[in-house]
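*Asks:* Quick note: the sequence shown uses the working numbering, first residue 20, plus one each step. Here it is: the structure, laid out below.
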Amino acid sequence: MGLRDLTRQAVEAAITEFDSLGRSTFLKRYGFGEAKTFYIKWNDNLYDSKAIAGAAHGKLPGQLPLRSDEFSGGENTVKRALENLGFIVVDERSASARNPTWARDELILALDLYVQFKGNPPGKGSSEIVELSTLLNKMGSQFAGVTREFRNANGVYMKIMNFRRFDPAYSAQGKVGLQRGGKDEEFVWNQFAQHPVELHAAAKAIRSHIGGGSAPSIDEESDIAEAPEGRLLTRQHQIRERSRAIIEAKKRKVLQLRGKLTCEACGFDFEEHYGERGRGFIEVHHVKPVHTLTTGSKTNLEDLSLLCSNCHRMIHVRSPWLTVAQIAGMYKRQ
Ligand SMILES: [Zn+2]
Ligand SMILES: [Zn+2]
Numbered sequence: 020m021g022l023r024d025l026t027r028q029a030v031e032a033a034i035t036e037f038d039s040l041g042r043s044t045f046l047k048r049y050g051f052g053e054a055k056t057f058y059i060k061w062n063d064n065l066y067d068s069k070a071i072a073g074a075a076h077g078k079l080p081g082q083l084p085l086r087s088d089e090f091s092g093g094e095n096t097v098k099r100a101l102e103n104l105g106f107i108v109v110d111e112r113s114a115s116a117r118n119p120t121w122a123r124d125e126l127i128l129a130l131d132l133y134v135q136f137k138g139n140p141p142g143k144g145s146s147e148i149v150e151l152s153t154l155l156n157k158m159g160s161q162f163a164g165v166t167r168e169f170r171n172a173n174g175v176y177m178k179i180m181n182f183r184r185f186d187p188a189y190s191a192q193g194k195v196g197l198q199r200g201g202k203d204e205e206f207v208w209n210q211f212a213q214h215p216v217e218l219h220a221a222a223k224a225i226r227s228h229i230g231g232g233s234a235p236s237i238d239e240e241s242d243i244a245e246a247p248e249g250r251l252l253t254r255q256h257q258i259r260e261r262s263r264a265i266i267e268a269k270k271r272k273v274l275q276l277r278g279k280l281t282c283e284a285c286g287f288d289f290e291e292h293y294g295e296r297g298r299g300f301i302e303v304h305h306v307k308p309v310h311t312l313t314t315g316s317k318t319n320l321e322d323l324s325l326l327c328s329n330c331h332r333m334i335h336v337r338s339p340w341l342t343v344a345q346i347a348g349m350y351k352r353q
């Protein structure tokens, strides 16, 4: 089995899934990066062609998705296979070089400005827009591969104005067709537009991490879905719940208090089930809202919950993440 077995139906099923998960979660789920060149054009949206092809293979009866390293994505493989099925595949090399997809962190900063100015942002020459453009370029350089100016004031202004199509106050203007990345725009709007305090806190926290040291890429090994607050703060959550010293302190404290380490959601006890091998093992989850994770804010032991690996994964597997109480309520006891 391979690309030549793909059907139109399977590809459409993958596109539907892409739409419902959002781009970043879809790419993460199937282990693909963003397409550099070829995109499927479908209902005015653009879809990473190789990732869609790989996922579509898993939609064929009895077949698994293809992994990124199992086939090459390019003109003679993915592009041809999709075109043979009647899809339009476009070359976005120039377009994506001009204007890479906006990440959620960037959209949050843009929406924060939009909300502050109640849908009437100052012009593209204003200090606010210029400042945001500078900030976004700085954040871009924190991530591998983006080293040039790519969010100019004009583009920033246009992106902010784009939010109007979700804004009921402007709905009379009619809905403009979604562009690439439009799903994330809609997601960020739905998540934050009605919660200006949380939005502003998230924007502040994101700003506090821009220009900070190491590249804040999300750990590729983990199955963590990006938090609604975007890449920088997702990474902060991971860093905080993996800090050795604080994990050990938390475990010591709970052991003193209760004599054993059990999952706060389902009650699982690793030592009880795995004997000696499970003694002292439990995962730690940082429960404070992600938008509070500004640089320099401290992690207290009360900010941490003990969870078994299953419950911890289920919290993070989709965006938005759940609370410990939500996952406990969801867990079905035998
Ligand atoms: Zn559990
Ligand atoms: Zn966690």
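Virtual Cβ for every residue (Gly too), placed ideally from N, Cα, C.
So what does Ile59 bridge to, in DSSP terms?
*Replies:* The residue you call residue 59 lines up with position 40 of the sequence shown. BP columns for Ile59 point to Tyr66, Val108.
*Asks:* Excluding the 5 residues preceding and the 5 following His219 in the sequence, name in chain order all residues of the same chain whose CB lies nearer than 7 Å to its CB.
*Replies:* Locating residue 219 in the sequence shown gives position 200, counting from the first residue. If we look at His219 and ignore the five residues flanking it on each side, its Cβ neighbours are Asp131.
*Asks:* For Ala100 and Ser87, what's the separation of their Cα atoms in angstroms?
*Replies:* Indexing the sequence shown from 1 puts residue 100 at position 81. Indexing the sequence shown from 1 puts residue 87 at position 68. Roughly 16 Å between the two C-alpha positions.
*Asks:* So what's Thr44 in DSSP terms, helix, strand or just coil?
*Replies:* Taking the first residue of the sequence shown as position 1, residue 44 is located at position 25. Helix, per DSSP.
*Asks:* Less than 8 Å between the CB atoms is what I'm expecting for Ser262 and Thr318, so what's the real figure, rounded?
*Replies:* Position 243 of the sequence shown holds residue 262. Position 299 of the sequence shown holds residue 318. Right, the Cβ-Cβ distance comes to about 7 Å (below 8 Å), so this counts as a contact.
*Asks:* Can you list, in chain order, the residues of its chain with a C-beta nearer than 7 Å to that of Phe37? Leave out the 5 residues immediately preceding and following it.
*Replies:* As a first step, residue 37 must be located in the sequence shown, where it is residue number 18. Closer than 7 Å at the Cβ level, and outside the excluded window around Phe37, lie Phe45, Tyr66, Ile71.
*Asks:* Is the region 302–313 touching the region 253–260, taking contact as three or more C-beta pairs under 8 Å?
*Replies:* These segments touch.
*Asks:* Tell me which same chain residues have a C-beta within less than 6 Å of the C-beta of Gln210, skipping the five on either side of it?
*Replies:* Along the sequence shown, one-based indexing puts residue 210 at 191. Pro247.
*Asks:* Of all the options Gly52, Leu128, Cys285, which has the alpha carbon lying nearest to the alpha carbon of His310?
*Replies:* Counting from 1 along the sequence shown, the entry for residue 310 is found at position 291. Comparing Cα-Cα distances from His310 to each of Gly52, Leu128, Cys285, the minimum goes to Leu128.
*Asks:* Do you know offhand how far Leu126's Cα is from Glu204's?
*Replies:* By 1-based counting over the sequence shown, the position of residue 126 is 107. By 1-based counting over the sequence shown, the position of residue 204 is 185. Their Cα atoms are separated by approximately 7 Å.
*Asks:* Give the range of the alpha helix (DSSP H) segment to which Leu132 is assigned.
*Replies:* The residue you call residue 132 lines up with position 113 of the sequence shown. Here the alpha helix (DSSP H) through Leu132 covers 123–135.
*Asks:* What runs of the beta strand (DSSP E), each 3 residues or longer, lie entirely inside the region 254–334?
*Replies:* The qualifying runs are 302–305, 323–326.
*Asks:* Beta-carbon separation of Val343 and Glu283 under 8 Å?
*Replies:* Reading the sequence shown from its first residue, position 324 is the one you call residue 343. Reading the sequence shown from its first residue, position 264 is the one you call residue 283. Yes.
*Asks:* Could you tell me whether any non-hydrogen atom of ligand 1 is closer than 7 Å to the CB of Ala344?
*Replies:* Residue 344 sits at position 325 when you count from the first residue of the sequence shown. No - ligand 1 has no heavy atom lying nearer than 7 Å to the Cβ of Ala344.
*Asks:* May I have the straight-line CA-CA distance separating Asp24 from Asp288, to the nearest angstrom?
*Replies:* By one-based count along the sequence shown, residue 24 stands at place 5. By one-based count along the sequence shown, residue 288 stands at place 269. Rounded to whole angstroms, Asp24 to Asp288 spans 46 Å at the Cα level.
*Asks:* Just the Cα atoms here: how many angstroms apart are Gly268 and Trp208?
*Replies:* Mapped onto the sequence shown, residue 268 falls at position 249. Mapped onto the sequence shown, residue 208 falls at position 189. Correcting the residue identity first, residue 268 is Ala in this sequence and not Gly. Approximately 39 Å between the Cα atoms of the pair.
*Asks:* Is Tyr350 helix, strand or coil by DSSP?
*Replies:* For the purposes of this step, residue 350 is identified with residue 331 of the sequence shown, where counting begins at 1. Three-state DSSP puts Tyr350 in coil, outside helix and strand.
*Asks:* Taking DSSP as the reference, what is the three-state secondary structure of Phe76?
*Replies:* Reading the sequence shown from its first residue, position 57 is the one you call residue 76. At residue 76 the sequence reads His, which differs from the Phe that was named. If DSSP states are grouped into helix, strand and coil, His76 belongs with the helices.
*Asks:* For Ser324, which residues of its own chain have a beta-carbon under 6 Å away from its beta-carbon, when the five flanking residues on both sides are left out?
*Replies:* The count along the sequence shown starts at 1 and reaches residue 324 at position 305. Glu283, His304, Val306, Val343, listed in sequence order.
*Asks:* Buried or exposed: Pro140, going by 16 or more other Cβ atoms within 10 Å of its Cβ?
*Replies:* For this step, residue 140 is matched to residue 121 along the sequence shown. Buried, by the Cβ-count rule.
*Asks:* At least one CB of chain D closer than 8 Å to the CB of Gly50: is that the case?
*Replies:* Judged by its chain identifiers, the structure shown contains no chain D, having just a single protein chain.
*Asks:* My output table needs one value for Gly50: the three-state DSSP class, helix, strand or coil.
*Replies:* Taking the sequence shown and counting its residues from 1, the one referred to as residue 50 is at position 31. Three-state DSSP puts Gly50 in coil, outside helix and strand.
*Asks:* As a quick exercise: from Ile243, Val216, Ser91, pick the residue whose alpha carbon is nearest that of Asn329.
*Replies:* Within the sequence shown, residue 329 is the residue found at index 310, counting from 1. Of Ile243, Val216, Ser91, the residue nearest in Cα terms is Ile243.
*Asks:* Mind checking whether the beta-carbon of Phe289 lies closer than 7 Å to any heavy atom of ligand 1?
*Replies:* In the sequence shown, the residue the question calls residue 289 occupies position 270. Answer for Phe289: no, Cβ out of range of ligand 1.
*Asks:* Quick one: residues in its chain with C-beta nearer than 7 Å to the C-beta of Leu15, no 5 flanking neighbours on either side, listed in chain order?
*Replies:* Any answer about residue 15 is impossible in this case: the structure gives the chain only from 20 up to 353.
*Asks:* What separation, rounded to the nearest whole angstrom, lies between the Cα atoms of Asn62 and Glu102?
*Replies:* Here residue 62 refers to the residue found at position 43 of the sequence shown. Here residue 102 refers to the residue found at position 83 of the sequence shown. Rounded to the nearest angstrom, the two C-alpha atoms are 16 Å apart.
*Asks:* Cα-Cα, which of Lys351, Ser152, Phe51 is closest to Ala74?
*Replies:* On the sequence shown, residue 74 is found 55 positions in, with the first residue counted as 1. Taking only the C-alpha atoms, the option nearest Ala74 is Phe51.
*Asks:* In whole angstroms, give me the CA-to-CA distance for Ala264 and Leu320.
*Replies:* Looking up residue 264 in the sequence shown gives position 245. Looking up residue 320 in the sequence shown gives position 301. Distance between the alpha carbons of Ala264 and Leu320: 11 Å.
*Asks:* Can you list, in chain order, the residues of its chain with a C-beta nearer than 8 Å to that of Gly229? Leave out the 5 residues immediately preceding and following it.
*Replies:* Residue mapping note: residue 229 aligns to position 210 of the sequence shown, counting from 1. The amino acid occupying residue 229 in the given sequence is Ile; Gly does not appear at that position. Taken in chain order, the residues that qualify are Leu154, Lys157, Met158, Gln161, Leu251.
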